[in-house]
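K.L.:
In UniProt numbering, the protein residues as written are 1 to 339. C-beta atoms are modelled at their ideal positions from N, C-alpha and C, and glycine is treated no differently. Only a predicted model underlies this, so the values are computations on that prediction, with no experimental measurement involved.
(1) Within a Cβ cutoff of 8 Å, which residues of the same chain sit near residue 107, ignoring the five residues on either side of it in sequence?
(2) Is it the case that the Cβ atoms of residue 292 and residue 203 are separated by a distance below 7 Å?
(3) Quick one: using the 10 Å Cβ neighbour count with 16 as the cut-off for buried, is residue 327 buried or exposed?
(4) Under a Cβ-count criterion, where at least 16 other Cβ atoms within 10 Å of its own Cβ denotes burial, should residue 39 be classed as buried or exposed?
(5) From which residue to which residue does the alpha helix (DSSP H) around residue 294 run?
(6) By how many angstroms is the C-alpha of residue 322 removed from the C-alpha of residue 22?
(7) Thinking C-alpha only, which one of 41, 91, 156 is nearest residue 312?
(8) Assess contact between the stretch 271-289 and the stretch 183-193, defined as three or more Cβ pairs (one per stretch) separated by less than 8 Å. Is contact present?
(9) So, with DSSP's three-state summary, where would you put residue 262?
(10) Quick one: residues in its chain with C-beta nearer than 7 Å to the C-beta of residue 135, no 5 flanking neighbours on either side, listed in chain order?
(11) Since I believe residue 295 is in contact with residue 72 (beta carbons under 8 Å), could you give me their beta-carbon distance rounded to a whole number of angstroms?
(12) In whole angstroms, what is the alpha-carbon distance linking residue 206 and residue 243?
(13) Given this structure, state the Cα-to-Cα distance separating residue 84 from residue 245, to the nearest angstrom.
(14) Output needed for residue 333: all residues of its chain with C-beta closer than 8 Å, excluding positions within five of it in sequence on either side, in chain order.
(15) Excluding the 5 residues preceding and the 5 following residue 227 in the sequence, name in chain order all residues of the same chain whose CB lies nearer than 6 Å to its CB.
(16) What separation, rounded to the nearest whole angstrom, lies between the Cα atoms of residue 164 and residue 97?
(17) Straight-line CA distance for residue 52 to residue 142?
(18) With a cut-off of 8 Å, do at least 3 Cβ pairs link the stretch 209-218 to the stretch 262-282?
(19) For the alpha helix (DSSP H) containing residue 149, name the first residue and the last one.
(20) Rounded to the nearest angstrom, how far is the Cβ of residue 155 from that of residue 87, given a contact under 8 Å?
(21) How is the alpha helix (DSSP H) around residue 192 delimited, first residue to last?
(22) Please report the straight-line C-alpha distance between residue 74 and residue 177, rounded to a whole angstrom.
(23) Using the three-state DSSP reduction, which class does residue 168 fall into: helix, strand or coil?
(24) Buried or exposed: where does residue 257 fall if 16 or more other Cβ atoms within 10 Å of its Cβ makes it buried?
(25) Please report the residue range of the alpha helix (DSSP H) in which residue 51 lies.
(26) DSSP state of residue 22, grouped into three classes?
(27) If you draw a straight line from the C-alpha of residue 267 to the C-alpha of residue 236, how long is it?
(28) Where does residue 221 sit, in a helix, a strand or coil, going by DSSP?
(29) Can the beta-carbon of residue 331 be found less than 7 Å from the beta-carbon of residue 280?
(30) Rounded to the nearest angstrom, how far is the Cβ of residue 261 from that of residue 168, given a contact under 8 Å?
(31) Just verifying my parser: in three-state terms, what is the DSSP assignment at residue 141?
(32) Evaluate contact between the stretch 245-254 and the stretch 121-135, counting only Cβ atoms and requiring at least three cross-stretch pairs below 8 Å.
(33) Which same chain residues end up closer than 7 Å to residue 179 when comparing Cβ atoms and leaving out the 5 residues on each side of it in sequence?
(34) In its own chain, which residues sit with a C-beta less than 7 Å from the C-beta of residue 301, not counting the 5 before and 5 after it?
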């Protein structure tokens with residue numbers, strides 16, 4: 001009679017490999033959740049699994065996803081930005097006012113030139129707002145929560161003043177020229193989706209493959225130690241807010257041709273959706289570590305939830321923001337022991 005084989009205990013040398021495997025599996029949580037949600041959606045409504053609906057979900061994800069990529073850098077560094085929705089609204093309003101002004105007069109530039117100038121103006125304003133946030137946080141020594149809570153109100157109020165409480169509408173000819181930026185497709189994929197993909201890949205490379213990305217993570221882990229390690233903490237923090245401001249501008253550039261207008265309600269709750277995408281993707285609100293691809297999955301996951309609410313009658317579509325709020329609280333609770 002042969003002896004019964006016994007399971008060999010793990011040796012200390014095998015423990016690091018097991019830890020890496022568990023960490024990798026834990027990082028797949030958002031992906032697994034997205035897959036399960038998509039399967040459930042396809043079972044509940046056949047229209048969910050169509051290519052057109054997929055492109056619709058990804059296109060609507062693009063705006064928040066691009067902002068969430070920039071938000072990942074800020075949160076990983078230990079900061080936060082509550083103003084991105086209001087910032088996007090003001091940038092959209094400034095773009096429309098400036099472009100309409102350029103279109104008037106006998107010697108007005110071509111519509112294409114005006115659109116290009118409007119895009120450049122949006123990027124400039126996004127960068128300027130980001131630098132202002134970074135300066136107030138680093139040199140003003142004000143908590144980022146307070147800084148961006150204040151600018152949230154400022155940006156929204158200025159847009160309301162510009163629009164006189166109504167809507168700012170882009171000139172019809174300019175709208176016709178600008179429209180393809182949102183509505184045109186390349187190889188069957190809408191342009192906003194391509195831009196989102198490029199921003200996500202660039203963000204992943206910067207965060208994981210460059211000294212800047214390593215410094216961002218080091219500052220979020222322990223700012224004091226980072227200073228002792230000769231990392232230029234203030235400069236890195238300012239660059240994270242600058243990067244987020246540019247991402248907000250890019251998202252706004254893609255959003256304006258969708259409706260061709262900006263109102264005081266433009267961008268409402270975008271900050272909630274961007275932060276939710278980041279935390280659902282696995283980035284801790286305490287900072288120190290994060291994954292751009294996780295943020296991308298988190299943004300898509302939240303868009304799928306919204307899409308399912310539109311296609312089914314499980315709960316009212318008006319509760320979409322409530323669902324996102326529950327997701328943020330739940331993920332933050334699950335992360336409470338992480339550092």
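P.N.:
In short, the structure shows the following:
(1) none
(2) yes
(3) buried
(4) exposed
(5) Counting along the chain, the alpha helix (DSSP H) containing residue 294 begins and ends at 292-311.
(6) Only weak support exists for where residue 22 lies, its pLDDT of 46 falling under 50; the value from the coordinates is given anyway. Each residue's alpha carbon lies about 32 Å from the other.
(7) That would be 41, whose Cα lies nearest to the Cα of residue 312.
(8) Contact annotation: the stretch 271-289 does not touch the stretch 183-193, with fewer than three C-beta pairs closer than 8 Å.
(9) Note: residue 262 maps to strand in three-state DSSP.
(10) 238
(11) 5 Å
(12) 11 Å
(13) Residue 84 and residue 245: Cα-Cα distance of roughly 8 Å.
(14) none
(15) 233
(16) Residue 164 and residue 97 have their C-alpha atoms roughly 12 Å apart.
(17) 46 Å
(18) no
(19) 144-162
(20) About 5 Å; that satisfies the 8 Å criterion.
(21) 191-209
(22) 34 Å
(23) strand
(24) buried
(25) The continuous alpha helix (DSSP H) containing residue 51 extends over residues 51-76.
(26) Low local confidence applies: a pLDDT of 46 at residue 22 is under 50, so the model's placement there is unreliable, with the coordinate-based value given in what follows. Helix, per DSSP.
(27) 27 Å
(28) helix
(29) yes
(30) 6 Å
(31) coil
(32) yes
(33) Answer for residue 179: 257, listed in chain order.
(34) Excluding the 5 residues flanking it on each side, residue 301 has same chain C-beta neighbours closer than 7 Å at 30, 33, 34, 37, 280, in chain order.
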